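Undergrad: One line per chain: the protein sequences are A and B, in this order.
The first sequence maps to residues 1 to 271 in this note's numbering.
The second sequence maps to residues 1001 to 1265 in this note's numbering.
Beta carbons are placed, not taken as given, at the ideal position from N, Cα and C, and that holds for glycine.
Small disclaimer: the values here were computed from a predicted structure and weren't measured.
Sharing a structure, written as structure tokens. Questions coming.
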Amino acid sequence: MFTRYLIKPGAPQWLWVLGVIGDFLLFGGILFAFLQAIPARFRRPFIVTLTFLAGLIYSVEFFWPADPKTQMNFLTPLRLKLGEATKVVYAFALGLGTYNLIRFHGSNLIRKRPGWHNNLAFFISFAAMMGVGFWAYYAPSSKAAANAYNMLFEGIVGALGATMFSTIGFYIVSAAYRAFRIRSGEATLMLLAAFIVMLGQVPVGAYLTSGIPSGGVLRNLRLENLSYWILSQPNMAAQRGIWFGIEIGALAMALRQWLSLERGSFFEREL
Amino acid sequence: MDHATWPTGTLVGLLSILILYKIFSARMGKELFIRKIPGLSAIEEAVGRATEMGRPMVFVPGIGGLSLATLQALSILKYVTSIAAKYRTRIIVPTIDSVVYTVAEEITKDAYTAQGVPEQFNPDDIRYLSDDQFAFASGVVGILNREKAASNFMFGLFAAEALILAETGHQVGAMQIAGTPSILQIPFFITAADYTIIGDEFYAASAYLSREPTLLGSLVGQDYAKALIILVILAGILTVSMPPLHLHGALSFLNHFADWVNWFK
Chain A
1 MFTRYLIKPG
11 APQWLWVLGV
21 IGDFLLFGGI
31 LFAFLQAIPA
41 RFRRPFIVTL
51 TFLAGLIYSV
61 EFFWPADPKT
71 QMNFLTPLRL
81 KLGEATKVVY
91 AFALGLGTYN
101 LIRFHGSNLI
111 RKRPGWHNNL
121 AFFISFAAMM
131 GVGFWAYYAP
141 SSKAAANAYN
151 MLFEGIVGAL
161 GATMFSTIGF
171 YIVSAAYRAF
181 RIRSGEATLM
191 LLAAFIVMLG
201 QVPVGAYLTS
211 GIPSGGVLRN
221 LRLENLSYWI
231 LSQPNMAAQR
241 GIWFGIEIGA
251 LAMALRQWLS
261 LERGSFFERE
271 L
Chain B
1001 MDHATWPTGT
1011 LVGLLSILIL
1021 YKIFSARMGK
1031 ELFIRKIPGL
1041 SAIEEAVGRA
1051 TEMGRPMVFV
1061 PGIGGLSLAT
1071 LQALSILKYV
1081 TSIAAKYRTR
1091 IIVPTIDSVV
1101 YTVAEEITKD
1111 AYTAQGVPEQ
1121 FNPDDIRYLS
1131 DDQFAFASGV
1141 VGILNREKAA
1151 SNFMFGLFAA
1161 EALILAETGH
1171 QVGAMQIAGT
1181 PSILQIPFFI
1191 TAADYTIIGD
1201 EFYAASAYLS
1211 REPTLLGSLV
1221 GQDYAKALII
1231 LVILAGILTV
1241 SMPPLHLHGA
1251 LSFLNHFADW
1261 VNWFK
């Protein structure tokens, strides 16, 4: 907020970063000091009012008609600014997350607990990725930095992620085996539906029923058409039914949060 | 920028009024009944199982940021931790998001303190693993395998890693309870978990577990809202299926039924 008045455009990036952190600490500090200073009985009403006002900005912004040209209304810029502020909170929390990682792996490493070499691997990977990341960021013209970054990020992180993703195929097989065991009428129906859908998705399915005419009422019996019908009619209807329930549940929870009516767990009363 | 259209605004307004009306009528002392949700009733059984086996539990609050779904998951975490603290059972909470990590740590600490055993809280059991989806998944898989978890709770937003986590939990013999509003992951959880909470049952969890009048009222309000949606759908089906009417006089307004269906589009 004050940063844009104190720091001139074109100032070094680190100065802006420091300015934003300063802003956050200043306003966070004022808010914290204020909450400590006021009597305890006023804290809750203060937080409730603040929550309500913040929620009000978002809801009025959503419901207020927008300019058809810009797709914005008078509150849209404020909403965008609030979105940026939450990014700063996230940046601070990221620091806490990193601290947790370092504390957990550091204590295991220092005490040489079983598997300590994995904790050492964490520190080596962390330092390497951070070092190369900064190098590539501050030396964008360096080919060596770009290569090192690509090797670490795309060659290792990306490949490991893809490997993990590919294991889903094996898990699907074992899950499908259990799901498709005929134990009840419903399981038999599901097996039948899954069999039709799977066959309908592959060329051999279309081949199996290729003898059925592709026109007239009988075309509905072709496997690819049966498969499409199952996916687009009963399946879609069930999915949309669940969606309605989920969205209404989310609306109810959003209202409770906004109006500070939420109870239980971390909202006022102990369970 | 997304903004509400008039039909959306009207419908959301109507649904909100219904839900708030039921919340406030419940706060005034009206008795409400809610049906049994087996998945939520089984939470205590899962904690008891871990206690008897002397093995820890794992609670995964999804892969989302601090959204509504994650807040609901954290609300369930508080409940599970409270029971775990009562039975002196260890609970491990791996997180993917640094903000969720900080909130989860506070919630867990509070739960142990509320049960009078603050010394049992181990900050190392609340872990921030990684903000990368599959790095997080592999971290959780490692924890489930190494710790031989007796119970595995998966609540919150999930994506492709849902099946990896649920199948690993099944392989280590953990009793699993899952709940997610991520519609595409529900079939995976139904297949691999012992109990799955689907659809709006997920958002009913805090009401079900706490039995607070405000939350119960909200739950009943949700049911009324669903009834309203069903009525709108039925009316829509009727009007688009009806042949054009040519009524005169007081009933002429019925000629325009199809128009209001179009208005909702």
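#1: Is A/Asn147 close to chain B, meaning its C-beta is less than 9 Å from at least one C-beta of that chain?
#2: What residues are listed by DSSP as bridge partners for A/Gln36?
#3: Identify each residue in the region 1091-1114 of chain B for which the Cβ-Cβ distance to at least one residue of chain A is less than 9 Å, and report them in chain order.
#4: Does the beta carbon of B/Gln1185 come closer than 9 Å to any beta carbon on chain A?
#5: Using the beta-carbon of each residue, which ones in chain B are nearer than 7 Å to A/Ser174?
#6: May I have the straight-line CA-CA distance separating B/Leu1215 from A/Lys143, to the nearest angstrom?
#7: Hey, how far is the Cα of B/Leu1015 from the Cα of A/Arg44?
#8: So B/Gln1176 is in the beta strand (DSSP E); what residue range does that whole segment cover?
#9: Taking Cβ positions only, does B/Lys1226 come closer than 9 Å to chain A?
#10: For A/Met253, decide whether its Cβ has a neighbour in chain B, counting only Cβ atoms nearer than 9 Å.
#11: For the alpha helix (DSSP H) holding B/Ile1126, just list the boundary residues, first then last.
#12: What residues match up with B/Tyr1195 in a beta bridge as DSSP calls it?
#13: Distance cutoff 9 Å, beta carbons only. Does B/Ile1023 sit that close to anything in chain A?
#14: Given this structure, state the Cα-to-Cα distance separating B/Gly1039 from B/Ile1197, to the nearest angstrom.
#15: What are the residues of the region 1170-1181 of chain B that lie near chain A, defined by any Cβ-Cβ distance shorter than 7 Å?
#16: Output yes if chain A places a C-beta closer than 9 Å to the C-beta of B/Ile1019; else output no.
#17: Under three-state DSSP, which class holds B/Asp1110?
#18: Using a Cβ cut-off of 9 Å (strictly closer), state whether B/Ala1160 contacts chain A.
#19: Contact criterion: CB-CB distance below 9 Å. Does A/Phe267 meet it with respect to chain B?
#20: Would you say B/Thr1191 touches the ligand ADP, meaning its beta carbon is less than 8 Å from a heavy atom?
#21: Can you find a C-beta in chain B that's less than 9 Å from the C-beta of A/Leu18?
#22: Going by DSSP in three states, B/Asn1152 sits in which element: helix, strand or coil?
#23: Is there at least one Cβ from chain A nearer than 9 Å to B/Pro1123's Cβ?
#24: With distances taken from CA atoms, which of A/Ala159, A/Leu192, A/Asn225 is nearest A/Tyr207?
#25: Assess, as a yes-or-no matter, whether the region 1185-1195 of chain B is touched by the region 1161-1168 of chain B under the definition of 3 or more beta carbon pairs within less than 8 Å.
#26: Whose Cβ in chain B lies nearer than 9 Å to the Cβ of A/Met164?
#27: In chain A, which residues lie less than 9 Å from B/Gln1222 when you measure between Cβ atoms?
#28: Contact defined as beta carbons within less than 8 Å: I believe B/Ile1043 pairs with B/Tyr1079. What is the distance between those atoms, to the nearest angstrom?
#29: Fully enclosed by the region 1066-1145 of chain B, which alpha helix (DSSP H) runs are 4 residues long or longer?
#30: Would A/Trp116 count as contacting chain B if we go by Cβ distances under 9 Å?
#31: Chain A beta carbons: is any one of them nearer than 9 Å to that of B/Glu1201?
#32: Determine the chain B residues that contact A/Thr167 at a beta-carbon separation under 7 Å, and present them in chain order.
#33: A/Arg183 CB to nearest chain B CB: under 9 Å?
#34: Nearest to A/Arg240 by alpha carbon, out of B/Ser1206, B/Ser1210, B/Ser1182?
#35: What does the Cβ neighbour count give for A/Phe178, buried or exposed, with the cut at 16 atoms within 10 Å?
#36: For B/Leu1020, which residues of its own chain have a beta-carbon under 8 Å away from its beta-carbon, when the five flanking residues on both sides are left out?
TA: So, from the data block:
#1: For A/Asn147, the answer is no, since every Cβ of chain B falls outside 9 Å of its Cβ.
#2: None, per the DSSP bridge assignment.
#3: Sequence-ordered contacts of the region 1091-1114 of chain B with chain A read Thr1095, Asp1097, Ser1098, Val1099, Val1100, Tyr1101, Thr1102, Val1103, Glu1105, Glu1106, Ile1107, Asp1110, Ala1111, Ala1114 [C-beta pairs closer than 9 Å].
#4: No, because no Cβ of chain A sits closer than 9 Å to the Cβ of B/Gln1185.
#5: What A/Ser174 touches in chain B, judged by beta-carbon distance under 7 Å, is Glu1167, going in chain order.
#6: Straight-line Cα distance between these residues: approximately 59 Å.
#7: Looking at the backbone, the Cα of B/Leu1015 and that of A/Arg44 are separated by about 28 Å.
#8: From DSSP, the beta strand (DSSP E) with B/Gln1176 extends over 1175-1179.
#9: Closer than 9 Å to some Cβ of chain A, the Cβ of B/Lys1226 qualifies, so yes.
#10: It does; some Cβ of chain B falls within 9 Å.
#11: Segment 1126-1128 is the beta strand (DSSP E) holding B/Ile1126; no alpha helix (DSSP H) there.
#12: B/Tyr1195 is bridged to B/Ile1177.
#13: Yes - at least one Cβ of chain A is within 9 Å of the one on B/Ile1023.
#14: B/Gly1039 and B/Ile1197 have their alpha carbons spaced roughly 6 Å apart.
#15: Going along the region 1170-1181 of chain B in chain order, one finds Pro1181 with a Cβ nearer than 7 Å to chain A.
#16: Answer yes: the Cβ-Cβ gap between B/Ile1019 and chain A drops below 9 Å somewhere.
#17: Helix, per DSSP.
#18: Cβ-Cβ to chain A under 9 Å: yes for B/Ala1160.
#19: Its pLDDT being 47, under 50, A/Phe267 is placed unreliably by the model, and the measurement read from it follows with that caveat. It does; some Cβ of chain B falls within 9 Å.
#20: No copy of the ligand ADP appears in this structure; indeed no ligand is present at all.
#21: False, the Cβ-Cβ gap to chain B never drops below 9 Å.
#22: It is a strand residue.
#23: Contacts with chain A at 9 Å (Cβ-Cβ) include B/Pro1123.
#24: Among A/Ala159, A/Leu192, A/Asn225, the Cα nearest to that of A/Tyr207 is on A/Asn225.
#25: Flag = yes, the region 1161-1168 of chain B and the region 1185-1195 of chain B touch.
#26: Within chain B, Gln1133, Phe1134, Ala1135, Ala1137, Ser1138, Val1141, Glu1161, Ile1164 have C-beta atoms less than 9 Å from the C-beta of A/Met164, given in sequence order.
#27: When 9 Å is used as the limit between beta carbons, B/Gln1222 is near these residues of chain A: Gly245, Ile248, Gly249, Leu251, Ala252, in chain order.
#28: 7 Å between Cβ atoms; contact.
#29: Counting only unbroken stretches of 4 or more residues, the alpha helix (DSSP H) elements lying wholly within the region 1066-1145 of chain B are 1068-1086, 1098-1114, in sequence order.
#30: Under the 9 Å criterion on CB atoms, A/Trp116 is classed as non-interfacial with respect to chain B.
#31: B/Glu1201 has a beta carbon lying within less than 9 Å of a beta carbon in chain A.
#32: Here the neighbours are Ile1164.
#33: It does not: the Cβ of A/Arg183 has no partner Cβ on chain B nearer than 9 Å.
#34: Here the closest residue by C-alpha is B/Ser1182.
#35: A small fix is needed here, since residue 178 of chain A is Arg in this sequence, not Phe. The residue in question, A/Arg178, is exposed, as its Cβ has fewer than 16 Cβ neighbours within 10 Å.
#36: Only Gly1221 meet the Cβ criterion.
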